[in-house]
Amino acid sequence: ERLVPIGRRALGAAALYGREIRPQLDKGKTNGRFFLNPRGKPLSRVGAWGIIKRSAARAGIKKRVTPHTLRHSFATHLLEGGADLRAVQEMLGHADLSTTQIYTHVDRDYLRSVHKSFHPRA
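Residue numbers are given in my numbering: position 12 of the sequence shown equals residue 182, and the series is strictly consecutive.
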């Protein structure tokens with residue numbers, strides 16, 4: 171079982187979907203899945219990818235956006251914000267810490283600011 175952190179806005183949107191939209195789609199054959207496609211069947215991985223691609227296009231994002239892009243951004247923002255690498259590993263469901271370490275790339279400006287802030291002779 172994995173903890174899925176969710177913000178207030180996303181929680182509100184999920185509650186609205188569950189209360190008003192999902193009941194219209196549910197045809198009784200969802201196997202307990204929360205997200206359904208327009209035909210009332212469980213939303214597939216490919217279906218979710220399509221939603222992400224269309225949403226990125228509507229937002230004017232020119233770069234290729236995939237579900238992994240969102241996952242990568244999530245992990246990167248957590249780590250840049252000071253989150254513990256082990257905590258991020260758990261949230262991503264990685265068995266091996268080295269898999270999570272790919273998100274620890276650090277830009278040069280950030281390195282300079284850390285040096286300036288914490289080194290006694292900076």
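Cβ atoms here follow ideal geometry from the backbone N, Cα and C, with glycine treated the same way. On a predicted model such as this, the values are computed, not experimentally measured, just so you know.
**Request:** Buried or exposed for V258, please, with buried defined as at least 16 other CB atoms from any protein chain shown within 10 angstroms of its CB.
**Result:** One-based indexing of the sequence shown puts residue 258 at position 88. So V258 ends up on the buried side.
**Item:** Beta-carbon contacts of A185 that lie in its chain and below 7 Å, excluding the five residues immediately before and after
**Value:** Here residue 185 is taken as the residue at index 15 of the sequence shown, counted from 1. Closer than 7 Å at Cβ, skipping near neighbours: no residue.
**Message:** Starting from S268, trace the alpha helix (DSSP H) in both directions and tell me its first and last residue.
**Reply:** By 1-based counting over the sequence shown, the position of residue 268 is 98. 267-270 is the extent of the alpha helix (DSSP H) around S268.
**Message:** Taking only three categories from DSSP, how would you classify L213?
**Reply:** Taking the first residue of the sequence shown as position 1, residue 213 is located at position 43. The answer is coil: DSSP assigns L213 none of H, G, I, E or B.
**Message:** Quick check on this structure: which residue in D196, D279, R256 has the alpha carbon closest to the alpha carbon of Q271?
**Reply:** The sequence position of residue 271 within the sequence shown is 101, counting from 1. Here the closest residue by C-alpha is R256.
**Request:** Report buried or exposed for Y280, applying the criterion of at least 16 other Cβ atoms within 10 angstroms of its Cβ.
**Result:** Taking the first residue of the sequence shown as 1, we reach residue 280 at position 110. The residue in question, Y280, is exposed, as its Cβ has fewer than 16 Cβ neighbours within 10 Å.
**Residue range of the alpha helix (DSSP H) that includes F288** = Counting from 1 along the sequence shown, the entry for residue 288 is found at position 118. Element bounds for F288: 278-288.
**Asked** Which of helix, strand or coil does DSSP assign to L206?
**Response** Residue numbering aside, residue 206 sits at position 36 when the sequence shown is read from its first letter. Assigned with DSSP and collapsed to three states, L206 falls in strand.
**Message:** Looking at the secondary structure, which residues open and close the alpha helix (DSSP H) in which R172 lies?
**Reply:** Here the question's residue 172 lines up with position 2 in the sequence shown. From DSSP, R172 is part of no alpha helix (DSSP H); its letter is neither H nor E.
**Message:** If you measure between the beta carbons of I221 and V235, is that distance less than 7 Å?
**Reply:** Here residue 221 corresponds to residue number 51 of the sequence shown, with the count starting at 1. Here residue 235 corresponds to residue number 65 of the sequence shown, with the count starting at 1. No, these two residues do not count as a Cβ contact at 7 Å.
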